[in-house]
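S.K.:
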Amino acid sequence: MVLDRNETRELYRKRARHYDLAVQVFPLFGFNVGRYRRDTIASLRLGSGDLVVELGCGTGLNFEYVQRRIGPRGKIIGVDLTDAMLEVAKARVAGAGWSNVELVQADIAQWNMPREVAGVFSTLALTLVPEYDEVIKTASRALRTGGRLAVFDMKEPEHWPSRLVRLAAWLNKPFGVSLDLAERHPWESIGRYLTEVEFREYYFGALYLCVGEKP
Ligand SMILES: C[S@@+](CC[C@H](N)C(=O)[O-])C[C@H]1O[C@@H](n2cnc3c(N)ncnc32)[C@H](O)[C@@H]1O
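Residue numbers for the sequence shown follow the numbering used here, so the first one is 319 and each next one is one higher.
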C-alpha cells in the first residue's frame with residue numbers, strides 16, 4: 319500500500335529516534351550503505367565552497383560525506399518532510415559543530431529550490447514521493463551549468479524470484495516501502511531532464527545510483 323504524505327510523516331516520526339541504529343543493521347545483510355552513500359556524493363563531483371541540496375535528508379547521515387568535499391565555505395541545505403527526523407539531524411549538526419547546514423521542514427514536491435546549485439541528491443527517499451518526476455525536473459532547473467543530480471534508491475530487482483522480491487518489500491515495510499512503488503522510475507526522469515547520465519546497480523539489482531549533469 320502506498321502511503322500518503324501524512325502517513326509517511328507519521329511513520330518517520332515513529333522511526334526517527336532509532337533510525338540511525340536501524341540503518342546500522344543493513345550491513346549485516348551485505349547492504350553496504352556507507353559505500354553507497356560515498357559513491358552517491360562522489361558522483362556529484364563537488365568542490366570546495368559548493369552549494370548542495372539534499373532531498374529527504376532524514377537524520378543527516380550523508381552530511382559528513384558532503385562536508386569532506388565542500389568544506390566550511392560550502393553549504394548544505396537538507397530538506398525533509400518529518401520534523402522528528404530533522405530534530406535528529408539538528409543534533410548531528412550541532413554535535414559536529416557545522417555552521418554551514420540549513421535544515422528545512424518541507425515537502426520536496428512543494429519546496430522552492432534555490433538557484434545555481436552545484437549538486438542535488440537524494441538517498442533512499444525520492445521513490446517515496448509520487449511527484450518524483452516533477453521534483454527532478456525542478457531540481458534540474460535549479461542546477462548551475464555542469465551541476466549534477468544523483469539519486470540512490472531501491473528498485474525492483476529484475477532477476478530475483480518473485481518470492482524473494484516480496485520478502486524484501488516486506489522487510490522494508492517499516493520504512494514505507496511497498497511493491498506498489500516499483501512502478502516509480504526516477505532514473506528515467508534523470509534521463510529526460512539531464513545529460514551524461516550514468517546508471518549503476520548494487521545489491522544484485524535491488525538498488526541503483528543514477529546521476530545526470532546539466533549541460
Ligand atoms: C528512508 S528515509 C532516508 C533518509 C536519508 N536520506 C538517508 O539516506 O538516511 C526517507 C526520508 O524521506 C523523507 N520524505 C518522504 N517523503 C518526503 C517528501 N515528500 N518531502 C520531503 N521528505 C520526504 C522522510 O521524512 C524520511 O526522512
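Quick reminder that beta carbons are idealized off the backbone N, C-alpha and C, glycines included.
For PRO475 and GLY494, I'd like the C-alpha separation in whole angstroms.
M.R.: Rounded to the nearest angstrom, the two C-alpha atoms are 18 Å apart.
S.K.: In its own chain, which residues sit with a C-beta less than 8 Å from the C-beta of VAL370, not counting the 5 before and 5 after it?
M.R.: Taken in chain order, the residues that qualify are LEU362, LEU364, VAL384, ILE388, GLY392, LYS393, ILE394, ILE395, VAL435, ALA436, GLY437, VAL438, PHE439.
S.K.: What do you reckon, are the CB atoms on ALA334 and THR377 nearer than 8 Å?
M.R.: In this structure, THR377 lies closer than 8 Å to ALA334 by Cβ.
S.K.: Is the number of C-beta pairs between the stretch 348 to 355 and the stretch 518 to 529 that are closer than 8 Å three or more?
M.R.: Taking 8 Å as the limit for Cβ pairs, the verdict is that the stretch 518 to 529 does touch the stretch 348 to 355.
S.K.: From which residue to which residue does the beta strand (DSSP E) around VAL529 run?
M.R.: Element bounds for VAL529: 525 to 531.
S.K.: Among residues of its own chain, excluding the 5 on either side of ARG502, which ones have a beta-carbon nearer than 8 Å to its beta-carbon?
M.R.: Same-chain partners within the cutoff: THR445, PRO448, TYR450.
S.K.: Apply the 10 Å Cβ neighbour rule to THR441 and answer buried if 16 or more other Cβ atoms are within range, or exposed otherwise.
M.R.: Under this definition THR441 is a buried residue.
S.K.: Using the three-state DSSP reduction, which class does THR513 fall into: helix, strand or coil?
M.R.: DSSP places THR513 in strand when its eight states are reduced to three.
S.K.: If we require 3 or more residues per run, which beta strand (DSSP E) segments fall completely within the stretch 438 to 487?
M.R.: For the stretch 438 to 487, whole beta strand (DSSP E) runs of length 3 or above, ordered along the chain, are 461 to 472.
S.K.: What does a CB cutoff of less than 7 Å around ARG433 pick up in its chain, not counting 5 residues either side in sequence?
M.R.: Here the set comprises ALA460.
S.K.: I need the DSSP call for ALA427, collapsed to helix, strand or coil.
M.R.: The answer is coil: DSSP assigns ALA427 none of H, G, I, E or B.
S.K.: Is there a Cβ from chain D that is less than 8 Å from the Cβ of ARG356?
M.R.: In the structure shown, chain D cannot be found, because there is only a single protein chain.
S.K.: Exposed or buried, LEU482, counting other C-beta atoms within 10 Å across all chains shown (16 or more means buried)?
M.R.: LEU482 is exposed by the Cβ-count criterion.
S.K.: Assuming GLU405 is part of the beta strand (DSSP E), what are its boundary residues?
M.R.: No beta strand (DSSP E) holds GLU405; the alpha helix (DSSP H) holding it covers 401 to 414.
S.K.: My understanding is that ARG323 touches LEU399, with C-beta atoms under 8 Å, so please give their C-beta distance in whole angstroms.
M.R.: Contact holds; Cβ gap of about 7 Å.
S.K.: What number of angstroms, rounded off, separates the C-alpha of MET319 from the C-alpha of ALA468?
M.R.: In a straight line, the C-alpha of MET319 is about 27 Å away from that of ALA468.
S.K.: What residues in its chain sit with their C-beta under 8 Å from that of ASP357, if we drop five residues either side in the sequence?
M.R.: The residues are PHE470, ARG518, LEU527.
S.K.: Cβ of ARG323 versus every heavy atom of ligand 1: is any distance shorter than 7 Å?
M.R.: ARG323: yes, Cβ under 7 Å from ligand 1.
S.K.: Could you say which of ASP338, VAL453, ILE426 lies nearest to GLU405 if we only look at CA atoms?
M.R.: Of the listed residues, the one whose Cα sits closest to GLU405 is ASP338.
S.K.: So VAL411 and GLU372 are in contact, right, with Cβ under 8 Å, and what is the actual spacing, rounded?
M.R.: Not confirmed; about 12 Å, so no contact.
S.K.: With a threshold of 7 Å (Cβ to nearest heavy atom), would ASN430 be considered close to ligand 1?
M.R.: False, no ligand heavy atom lies under 7 Å from that Cβ.
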